[in-house]
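Visitor: End of the sequence shown sits at 346 in UniProt numbering; the numbers just go up one at a time, nothing left out.
What follows is a single structure, and I will ask about it in a moment.
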Amino acid sequence: MHQHHDLIQAVQRNCHIADARHAGDYTLCVYLLKMREFYRWEQGVGFQQVLTSDDVGDWLTQREAVWDALDEQAFVPLPINGSGEYDPFDNEAINAQLNGHGLVYSAGYGRRCRPLFFLAELEQKIEHDGYTILVAGRELARDVEAPPAMNQGKHVFIRRESLRRLLWEKVEEWRWNGIDSPLGRAIACYDFDADVEAALDVMAAAEADMIVAHEIGEVKAGQVLGDAAWQQMLFALPPSHADIMLRAVRDHLADALYTIPELLARDNPASMHFYFGNLTAMRKKLAPQLLEAYQHWHETGDTQKIAAWAEWGKVHWAEMGSTALSLFQQQGGDALPEIEALMGSG
Numbered sequence: 001m002h003q004h005h006d007l008i009q010a011v012q013r014n015c016h017i018a019d020a021r022h023a024g025d026y027t028l029c030v031y032l033l034k035m036r037e038f039y040r041w042e043q044g045v046g047f048q049q050v051l052t053s054d055d056v057g058d059w060l061t062q063r064e065a066v067w068d069a070l071d072e073q074a075f076v077p078l079p080i081n082g083s084g085e086y087d088p089f090d091n092e093a094i095n096a097q098l099n100g101h102g103l104v105y106s107a108g109y110g111r112r113c114r115p116l117f118f119l120a121e122l123e124q125k126i127e128h129d130g131y132t133i134l135v136a137g138r139e140l141a142r143d144v145e146a147p148p149a150m151n152q153g154k155h156v157f158i159r160r161e162s163l164r165r166l167l168w169e170k171v172e173e174w175r176w177n178g179i180d181s182p183l184g185r186a187i188a189c190y191d192f193d194a195d196v197e198a199a200l201d202v203m204a205a206a207e208a209d210m211i212v213a214h215e216i217g218e219v220k221a222g223q224v225l226g227d228a229a230w231q232q233m234l235f236a237l238p239p240s241h242a243d244i245m246l247r248a249v250r251d252h253l254a255d256a257l258y259t260i261p262e263l264l265a266r267d268n269p270a271s272m273h274f275y276f277g278n279l280t281a282m283r284k285k286l287a288p289q290l291l292e293a294y295q296h297w298h299e300t301g302d303t304q305k306i307a308a309w310a311e312w313g314k315v316h317w318a319e320m321g322s323t324a325l326s327l328f329q330q331q332g333g334d335a336l337p338e339i340e341a342l343m344g345s346g
């Protein structure tokens, strides 16, 4: 039995409660894909091992029964050996107790105010330019939703295991469709045919650095926009087109401020392709000039248009985000049509 068994069980219970409340947020197709990945993690199934529908189906039925019993339950406090119980959202106090024992913990909120929890082995703790970067390794408790990175204040959490799983899903997706795309170009830079695990390790190491860059950019974007007010706006708005647009605007600001300059400084073609291969549909819609700059780089190797877009974006996306926030503060939810019109205008 793991020496932190009770803590692991408590964190996983909170993960189950969060999953029970938010499983309905996904479309059926996305839900089934996420549950297959979660099954692979929970059962310790390797990336190359084929999953059968019967195995996953039986497990899924049992898991949904567990959720049915938990969806009305409150989150439980976390017991830490010799230190009492802690509020599950008190990240700072919990990590102060756990980091010295080789563990890292995070609790926060994702899209649609979805609670997110994880507990993992701590691989690295890095102080960088005023930021504390906590790199998590093997995960001991987690949700169905497992973002590879998040930031809380000046703390950046990198989930290496979740990142490897995300990358493997993208490799499989590319193998299925085989189309020439930025994502396919990124994957083709690594020798997955020779050794899947080794290729994943190399790719994950490169992309972990870029994820750190994006999360630092998120912190900087919060400083520009006013993070508390921005988060209050997102929490108050209903799920809507405007909500998706606002998140895309902040992502663009974060990347203009830090991610893209770092990407250009590293001069890694695989990471450049991967970055553009992971832009959401909304981000592409809002920034067609960025896609044109990428295509120019792909054809010529010239990064000047990408660099120029980032310089322009530092001002443009800050102004757009600040204007949207002002509209919300003046009108509340009634500002949704104006916010959508503002961001749709480019």
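For each residue, glycine too, the CB sits at the ideal point set by N, CA and C.
1) Please list, in chain order, all residues of the same chain as W67 whose beta carbon is under 8 Å from its beta carbon, the five residues on each side excluded.
2) Identify, in the order they occur along the chain, each residue of the same chain with its Cβ nearer than 7 Å to the Cβ of L78, setting aside the five sequence neighbours on each side.
3) Given a threshold of 16 other Cβ atoms within 10 Å of its Cβ, counted over all protein chains shown, does D165 qualify as buried or as exposed?
4) With distance defined between alpha-carbon atoms, name the residue in R63, K285, M35 nearest to L51.
5) Are the beta-carbon atoms belonging to Y275 and I216 less than 8 Å from one another?
6) Mind reading off the beta-carbon distance from E123 to A107? Whole number of angstroms is fine, and I expect it under 8 Å.
7) On the DSSP bridge list, what partners appear for M150?
8) Please state whether the Cβ-Cβ distance between A324 and M343 is less than 8 Å.
9) Spatial neighbours of W59 within its chain, please: CB distance less than 7 Å, with the 5 preceding and 5 following residues excluded, ordered by chain position.
10) Starting from the Cα of F118, find the closest Cα among I133, I158, T280 and give me that residue.
11) If S240 and L336 are in contact, beta carbons under 8 Å, what's the gap, nearest whole angstrom?
12) Pull the bridge partners of V104 from the DSSP assignment, please.
13) If you draw a straight line from the C-alpha of M245 to the C-alpha of E340, how long is it?
14) Do you know offhand how far A221's Cα is from D129's?
15) Examine chain D for any beta-carbon lying closer than 8 Å to the beta-carbon of D267, and answer yes or no.
16) Which of helix, strand or coil does DSSP assign to E262?
17) Considering only the alpha carbon of each residue, which of R142, F192, Q330, I306 lies closest to E262?
18) With distances taken between CB atoms, is the gap from E207 to L167 smaller than 8 Å?
19) Quick check: the Cα distance between E37 and F47, rounded to an integer number of angstroms?
20) May I ask which residues mark the beginning and end of the alpha helix (DSSP H) holding T61?
21) Between the stretch 269-284 and the stretch 184-201, are three or more C-beta pairs nearer than 8 Å?
22) Counting C-beta neighbours from all protein chains within 10 Å, is the total for E311 16 or more, i.e. buried, or is it exposed?
23) Quick one: what does DSSP say V50 is sitting in, helix, strand or coil?
24) Three-state secondary structure (DSSP) at V76?
25) Would you tell me roughly how many angstroms separate the C-alpha atoms of E292 and L279, rounded to the nearest one?
Guide: On the basis of the data shown:
1) Counted from its first residue, the sequence shown places residue 67 at position 67. Shown here for W67: same chain residues with a beta carbon closer than 8 Å to its own, the five before and five after excluded, namely H16, D19, A20, A23 in chain order.
2) Walking along the sequence shown from the start, residue 78 turns up at place 78. Once the five neighbours on either side are set aside, the close Cβ partners of L78 are L7, A10, V11, E85, Y86, P88, I94.
3) As a first step, residue 165 is located in the sequence shown; it is residue number 165 there, counting from the start. The question names Asp, but residue 165 is Arg in the sequence shown. Looking at its Cβ environment, which holds 16 or more other Cβ atoms inside 10 Å, R165 is buried.
4) Counting from one through the sequence shown, the residue named residue 51 turns up at place 51. In terms of Cα proximity to L51, the closest of R63, K285, M35 is M35.
5) Position 275 of the sequence shown, counted from the start, is the residue given in the question as residue 275. Position 216 of the sequence shown, counted from the start, is the residue given in the question as residue 216. Against a cut-off of 8 Å, the Cβ pair of I216 and Y275 comes out as no contact.
6) Taking the first residue of the sequence shown as position 1, residue 123 is located at position 123. Taking the first residue of the sequence shown as position 1, residue 107 is located at position 107. In fact, because the Cβ distance is near 19 Å, the residues do not count as touching under 8 Å.
7) Taking the sequence shown and counting its residues from 1, the one referred to as residue 150 is at position 150. When beta bridges are read from the DSSP output, M150 appears opposite F157.
8) The residue you call residue 324 lines up with position 324 of the sequence shown. The residue you call residue 343 lines up with position 343 of the sequence shown. For A324 and M343, yes; Cβs fall inside 8 Å.
9) Translated into positions along the sequence shown, residue 59 becomes position 59. Beyond the five residues adjoining it in sequence on each side, W59 comes within less than 7 Å, by CB distance, of Y39 in the same chain, given in chain order.
10) Indexing the sequence shown from 1 puts residue 118 at position 118. The shortest C-alpha separation from F118 is found at I158.
11) By 1-based counting over the sequence shown, the position of residue 240 is 240. By 1-based counting over the sequence shown, the position of residue 336 is 336. With a beta-carbon spacing of about 6 Å, S240 and L336 fall inside the 8 Å limit used to define contacts.
12) For this step, residue 104 is matched to residue 104 along the sequence shown. Its beta-bridge partners are A120.
13) Taking the first residue of the sequence shown as 1, we reach residue 245 at position 245. Taking the first residue of the sequence shown as 1, we reach residue 340 at position 340. One C-alpha to the other measures close to 7 Å.
14) Counting from one through the sequence shown, the residue named residue 221 turns up at place 221. Counting from one through the sequence shown, the residue named residue 129 turns up at place 129. Using only the alpha carbons, I get a separation of about 16 Å.
15) Structure shown: chain D not included; a single protein chain is present.
16) As a position in the sequence shown, residue 262 is number 262, starting the count at 1. Note: E262 maps to helix in three-state DSSP.
17) Your numbering for residue 262 matches position 262 in the sequence shown. The shortest CA-to-CA distance from E262 to any of R142, F192, Q330, I306 is the one to I306.
18) The residue you call residue 207 lines up with position 207 of the sequence shown. The residue you call residue 167 lines up with position 167 of the sequence shown. Going by C-beta atoms, E207 is nearer than 8 Å to L167.
19) Reading the sequence shown from its first residue, position 37 is the one you call residue 37. Reading the sequence shown from its first residue, position 47 is the one you call residue 47. When rounded, the distance between both Cα atoms is 10 Å.
20) Position 61 of the sequence shown, counted from the first residue, corresponds to residue 61. Residues 53-70.
21) Yes: at least three Cβ pairs fall under 8 Å.
22) Taking the sequence shown and counting its residues from 1, the one referred to as residue 311 is at position 311. E311 should be labelled exposed.
23) Here residue 50 corresponds to residue number 50 of the sequence shown, with the count starting at 1. Of the three classes helix, strand and coil, the one that applies to V50 here is coil, per DSSP.
24) Taking the first residue of the sequence shown as position 1, residue 76 is located at position 76. DSSP places V76 in coil when its eight states are reduced to three.
25) Within the sequence shown, residue 292 is the residue found at index 292, counting from 1. Within the sequence shown, residue 279 is the residue found at index 279, counting from 1. Roughly 13 Å between the two C-alpha positions.
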